[in-house]
Amino acid sequence: MTTKARLLAFTIDCSAPKELATFYSEVTGMEITYAEDEYAAITDGTVSVYFGRVADRKPVVWPSPDKQFHLDFRVPDVEKAVEEYVALGATRPEFQPGVTDEGTRWIVLQDPQGHLFCVCPEQS
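Reminder that position 117 of the sequence shown reads as 117 in the UniProt record's numbering, one-by-one numbering, no gaps.
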């Protein structure tokens, strides 16, 4: 049997770690535990998200096969959350595969550094 691992943290490359930590702290409610020009961190006490400075990092174009990851977040009101996250600095790309004639299953946003994340409704 394979040893099971528990996720401790993951790191997101960006050009402005403090700013991105502030953005995601606002989005998730996670506490900023470290914030310097080269590195920053947020945590909920169980899992941490680290932000490491990569000066020449270029955001991916959406949609494209260059996307390496994206985050998904559940919220009680998708449209309200999207409005708030855009006010914090996110952008809403034109291509929205989760929005159909039948309704909104999720909305894709890009954080201030261009990383993709999806805003999803709570499951009933």
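Even glycine gets a Cβ: it sits at the ideal position worked out from N, Cα and C.
Among the options, which one has its Cα closest to the Cα of residue i?
| i | options | result |
| --- | --- | --- |
| E94 | K80, L116, A35 | L116 |
| E36 | E19, G45, D44 | E19 |
| V119 | E102, Q113, P97, D101 | P97 |
| I107 | K80, G89, Q113 | K80 |
| Q75 | F69, A55, T28 | It is worth fixing the name first, because residue 75 is Val in this sequence and not Gln. Nearest option by C-alpha distance: T28. |
| L88 | T22, A16, L8, P17 | T22 |
| E38 | S25, V47, T46, S15 | S15 |
I need the straight-line Cα distance from residue i to residue j, nearest angstrom please.
| i | j | result |
| --- | --- | --- |
| V86 | R92 | 7 Å |
| D44 | T104 | 28 Å |
| K4 | E84 | 37 Å |
| D13 | Q110 | 14 Å |
| F10 | Y50 | 6 Å |
| E122 | R53 | 33 Å |
| T58 | I32 | Reading off the sequence shown, one finds Lys at residue 58, where the question assumed Thr. Rounded to whole angstroms, K58 to I32 spans 24 Å at the Cα level. |
Starting from residue i, follow the alpha helix (DSSP H) in both directions and report where the run begins and ends.
| i | result |
| --- | --- |
| V78 | 78–88 |
Could you spell out where the beta strand (DSSP E) holding residue i opens and where it closes?
| i | result |
| --- | --- |
| L20 | Here L20 belongs to no beta strand (DSSP E); instead the alpha helix (DSSP H) covers 17–28. |
| P65 | Premise fails: P65 is in no beta strand (DSSP E) and is neither H nor E. |
| E31 | 31–35 |
| R74 | 71–75 |
| D13 | 9–14 |
With H, G and I counted as helix, E and B as strand and the rest as coil, what does DSSP make of residue i?
| i | result |
| --- | --- |
| residue 182 | Because residue 182 is not part of the residues shown, which for the chain are 1 to 124, the question remains open. |
| T46 | coil |
| A55 | coil |
| P97 | coil |
| P112 | coil |
| V119 | strand |
| T104 | strand |
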